[in-house]
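Numbering (UniProt numbering), first residue to last: 1 to 494. The block underneath contains the structure these notes are about, expressed in structure tokens.
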Amino acid sequence: MSEELLINVTPRETRVALVENGMLQEVHVERAARRGWYGNIYKGRIVRVLPGMQAAFVEIGLERTAFLHASDIVRAATVEMLTEEGATNAPPPVPPINELVREGQELVVQVIKDPIGSKGARLTTQISIPSRYLVLLPRSRTLGVSARIEDEDERARLKSVVQNFSERNGCGYIVRTNAEGQTSEALAEDVDYLDKAWSQVQARAPAAKVGARLYEDLSLPLRAVRDLMRANIEKVRIDSRETWDRTIAFAQTFMPDQIERIEHYPGERPLFDLYGVEDEIQKALTKEVPLKSGGYLVIDQTEAMTTIDVNTGGYLGHRNLEETVYRTNLEAAQTVARQLRLRNLGGIIIIDFIDMEDDEHKRQVLRTLEKFLARDNAKTTVYAMSPLGLVEMTRKRTTESLARQLTESCPECGGRGVIKTAETVCYEIFREITRAVRQFEARTLLVLASPKVVTRITEEESAAVVELEEFLGKSIRFQAEEQYGQEQYDVVLL
1 MSEELLINVT
11 PRETRVALVE
21 NGMLQEVHVE
31 RAARRGWYGN
41 IYKGRIVRVL
51 PGMQAAFVEI
61 GLERTAFLHA
71 SDIVRAATVE
81 MLTEEGATNA
91 PPPVPPINEL
101 VREGQELVVQ
111 VIKDPIGSKG
121 ARLTTQISIP
131 SRYLVLLPRS
141 RTLGVSARIE
151 DEDERARLKS
161 VVQNFSERNG
171 CGYIVRTNAE
181 GQTSEALAED
191 VDYLDKAWSQ
201 VQARAPAAKV
211 GARLYEDLSL
221 PLRAVRDLMR
231 ANIEKVRIDS
241 RETWDRTIAF
251 AQTFMPDQIE
261 RIEHYPGERP
271 LFDLYGVEDE
281 IQKALTKEVP
291 LKSGGYLVID
301 QTEAMTTIDV
311 NTGGYLGHRN
321 LEETVYRTNL
331 EAAQTVARQL
341 RLRNLGGIII
351 IDFIDMEDDE
361 HKRQVLRTLE
371 KFLARDNAKT
381 TVYAMSPLGL
391 VEMTRKRTTE
401 SLARQLTESC
411 PECGGRGVIK
421 TAETVCYEIF
431 REITRAVRQF
441 EARTLLVLAS
451 PKVVTRITEE
461 ESAAVVELEE
471 FLGKSIRFQA
481 EEQYGQEQYD
491 VVLL
């Protein structure tokens with residue numbers, strides 16, 4: 001399995017695409033006017049404590065106050081052995097929020113989830129700073145090794161090396177997947193970098209004003225190289241000479257063995273066009289996803305959850321109905337895993353597979369889904385298939401989905417996905433005319449509406465207009481306005 005990282009840079013926007021065997025798997029977007037806040041560390045102030053929610057609202061200089069839950073507030077430091085999947089021991093009970101913080105209190109916090117929709121950013125005081133091979137946990141004594149490092153001897157070696165660092169400086173560490181096979185010297189360089197980064201935060205914090213940013217994560221190109229550069233990444237192609245220079249300088253310091261894989265792309269044809277990435281991004285903004293078999297998925301993202309419906313479409317199969325459904329669901333499971341990464345969908349996800357009778361078929365579909373989700377860097381949890389063929393799962397979300405980054409609600413329908421028919425709007429106008437005549441004196445009424453609505457009124461509803469004029473004793477005129485949407489109209493008294 002070969003992978004490539006493509007980095008496209010324009011003056012106001014940077015995009016990173018992860019392409020696997022010629023197929024787009026992930027897209028990350030960062031705009032100069034609206035960089036994300038995930039991973040940044042701020043000086044904050046508690047503005048409101050909510051005991052009923054075990055949470056507090058914190059001012060950190062963003063448009064909306066951020067959210068800090070009691071479970072994300074550091075208490076007594078503990079030493080735990082764990083993987084990135086979570087602690088092996090149950091955490092101690094969380095004290096009441098008003099015992100942990102008070103209104104007006106200033107504290108150092110980190111953003112662990114960007115503002116999404118109408119919700120503010122989510123914060124923690126459990127600071128973590130990532131580097132190439134390690135994640136520093138300065139307020140914890142946690143020691144951990146990525147669950148993706150499966151060799152037990154290698155896990156034990158890395159755990160021993162990290163233990164020495166932890167004993168020396170009293171901090172916790174998590175060993176990242178990229179650390180597999182690295183020497184203790186390479187890990188020690190990462191420790192020095194992380195120590196300096198945390199020391200700068202500590203030095204700035206006391207004198208900083210509320211809302212001051214104490215630490216900012218790397219820009220998107222450098223983050224992508226740091227986090228996504230794995231053994232099977234054959235090339236990193238960057239279409240900006242300046243960004244390439246910065247990336248090479250970063251690699252010389254933190255990953256000198258990877259420099260030869262980082263290339264500058266000078267071609268005239270746009271890099272994303274060369275790999276078909278632009279077309280794939282456009283497809284990722286649509287609701288329907290075709291399957292090779294002839295079936296298709298329908299993906300609906302709402303505030304509460306994302307639903308994915310699987311349909312056989314034009315796939316007729318070759319044997320029987322059960323086999324047709326099974327094959328469609330298997331292909332759908334693979335496609336769903338890819339679409340979740342590509343669209344960066346998170347939170348609660350409900351997948352409505354086509355009903356299957358055979359229990360073994362259900363197990364195979366679930367295994368296929370879990371197998372392809374294993375490639376996802378985001379943490380996912382999949383639950384058993386329900387009797388209705390529904391699979392509930394969660395995917396950790398730290399930033400907005402691709403659609404919410406690149407699109408906005410339609411001004412015509414307000415995000416409903418539908419608009420009122422011309423007939424419906426006609427009858428609304430008739431009611432508004434009646435309401436206006438009863439409230440105000442006027443001889444003539446002028447109705448401004450979209451051409452389609454005016455055509456409907458003056459042709460199919462002309463008899464109704466005559467009846468209304470006789471009933472009200474008023475003259476009614478209609479004027480088409482090209483710039484009006486189908487639901488928009490005004491009734492003017494003359």
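C-beta: ideal position from N, C-alpha, C; glycine also. This one's a predicted model, so the numbers in the text were calculated from it and none came from an experiment.
Residue i to residue j span [Cα, whole Å]
| i | j | result |
| --- | --- | --- |
| V47 | T380 | 33 Å |
| T124 | Y38 | 11 Å |
| L232 | A188 | Correcting the residue identity first, residue 232 is Asn in this sequence and not Leu. Taking the straight line joining both Cα atoms gives about 25 Å. |
| G415 | V492 | 28 Å |
| I433 | L271 | 57 Å |
| residue 496 | G417 | Residue 496 is absent from the structure shown; the chain starts at 1 and stops at 494. |
| V437 | Q483 | 26 Å |
| V74 | I299 | 38 Å |
| V465 | E288 | 42 Å |
| L285 | Q301 | 11 Å |
| A249 | I7 | 16 Å |
| A109 | G276 | It should be noted that the sequence gives Val, not Ala, for residue 109. So the two alpha carbons sit approximately 40 Å from each other. |
| R477 | K452 | 16 Å |
| E428 | L402 | 37 Å |
| K235 | Q258 | 10 Å |
| G120 | V447 | 42 Å |
| L373 | S128 | 25 Å |
| A208 | S199 | 14 Å |
| M53 | V111 | 19 Å |
| G44 | A203 | 16 Å |
| E357 | F430 | 54 Å |
| T398 | N344 | 9 Å |
| Q182 | L134 | 11 Å |
| R132 | A449 | 60 Å |
| Q439 | V425 | 21 Å |
| E461 | S475 | 16 Å |
| N329 | L321 | 12 Å |
| R223 | E268 | 26 Å |
| A442 | A463 | 22 Å |
Option in the options with minimal Cα separation from residue i
| i | options | result |
| --- | --- | --- |
| L50 | E461, L100 and K474 | L100 |
| V454 | N98, R431 and Y489 | Y489 |
| E3 | T14, T399, E20 and R12 | E20 |
| D72 | K113, R64 and A33 | K113 |
| G347 | I308, D151, M393 and A449 | M393 |
| Q364 | F67, A378, A212 and M385 | M385 |
| Q126 | T14, Q252, A70 and R168 | A70 |
| L220 | G36, A422 and E461 | G36 |
| N164 | T312, S146, E185 and V210 | E185 |
| G295 | T312, D192, E152 and Y193 | T312 |
| E487 | R435, R456, A422 and T444 | A422 |
Cβ of residue i within 8 Å of any chain C Cβ
| i | result |
| --- | --- |
| P266 | As a matter of chain content, chain C is missing from the structure shown, which is built from one protein chain. |
Where the alpha helix (DSSP H) through residue i begins and ends
| i | result |
| --- | --- |
| V466 | S462 to L472 |
| I248 | R241 to F254 |
| Y427 | A422 to Q439 |
| G116 | Reading off the sequence shown, one finds Ile at residue 116, where the question assumed Gly. From DSSP, I116 is part of no alpha helix (DSSP H); its letter is neither H nor E. |
| N311 | That residue, N311, is in no alpha helix (DSSP H); its beta strand (DSSP E) goes T306 to N311. |
Neighbourhood of residue i by C-beta, 6 Å cutoff - its chain only, sequence neighbours within 5 removed
| i | result |
| --- | --- |
| D217 | G39 |
| V9 | S240 and T243 |
| A77 | Annotation note: pLDDT 41 at A77 (below 50); position unreliable, coordinate value reported separately. Counting only Cβ-Cβ distances below 6 Å, and skipping sequence neighbours, we find S140 and R141. |
| V29 | R15 and Q405 |
Bounding residues of the beta strand (DSSP E) (the contiguous stretch that carries residue i)
| i | result |
| --- | --- |
| S100 | At residue 100 the sequence reads Leu, which differs from the Ser that was named. Counting along the chain, L100 falls outside any beta strand (DSSP E), though it belongs to the alpha helix (DSSP H) covering I97 to L100. |
| K287 | Looking at the DSSP string, K287 is not in any beta strand (DSSP E), and its letter there is neither H nor E. |
| residue 503 | Outside the displayed span of the chain (1 to 494) sits residue 503, for which this structure offers no information. |
| Y326 | Looking at the DSSP string, Y326 is not in any beta strand (DSSP E); the run it does join, the alpha helix (DSSP H), is L321 to R343. |
| L62 | Premise fails: L62 is in no beta strand (DSSP E) and is neither H nor E. |
| N8 | E3 to T10 |
| V418 | Neither: V418 is in no beta strand (DSSP E) and is coded neither H nor E. |
| D300 | Y296 to Q301 |
| L137 | L134 to L137 |
| R168 | First-last for R168: E152 to N169, but that is the alpha helix (DSSP H), not the beta strand (DSSP E). |
Cβ shell of residue i (< 8 Å), same chain only, five flanking positions each side left out
| i | result |
| --- | --- |
| L390 | I350, I351, D352 and F353 |
| I149 | R155, L158, V175, T177, A179 and E180 |
| D355 | V325, L388 and G389 |
Proximal residues to residue i (C-beta, below 7 Å), its chain only, five neighbours per side dropped
| i | result |
| --- | --- |
| I117 | One point to set straight first is that residue 117 is Gly, not Ile, in the sequence displayed. Cβ neighbours of G117 beyond the five flanking positions: E303. |
| N98 | V49 and P51 |
| L18 | E3, L5, Q25, E26 and L228 |
Counting Cβ pairs closer than 8 Å, one from the region 465 to 472 and one from the region 395 to 407, do we hit at least three? With the cut-off at 8 Å, the region 465 to 472 and the region 395 to 407 do not touch.
Inter-stretch contact at 8 Å, needing at least 3 Cβ pairs: the region 16 to 29 / the region 173 to 187: Contact between the region 16 to 29 and the region 173 to 187 is absent, with fewer than three C-beta pairs closer than 8 Å.
Would the region 97 to 112 count as touching the region 175 to 185 if we require 3 or more Cβ pairs under 8 Å? The region 97 to 112 is not in contact with the region 175 to 185.
For the structure I just gave you, are there three or more beta carbon pairs, one from the region 361 to 378 and one from the region 320 to 335, closer than 8 Å? Touching, per the Cβ criterion.
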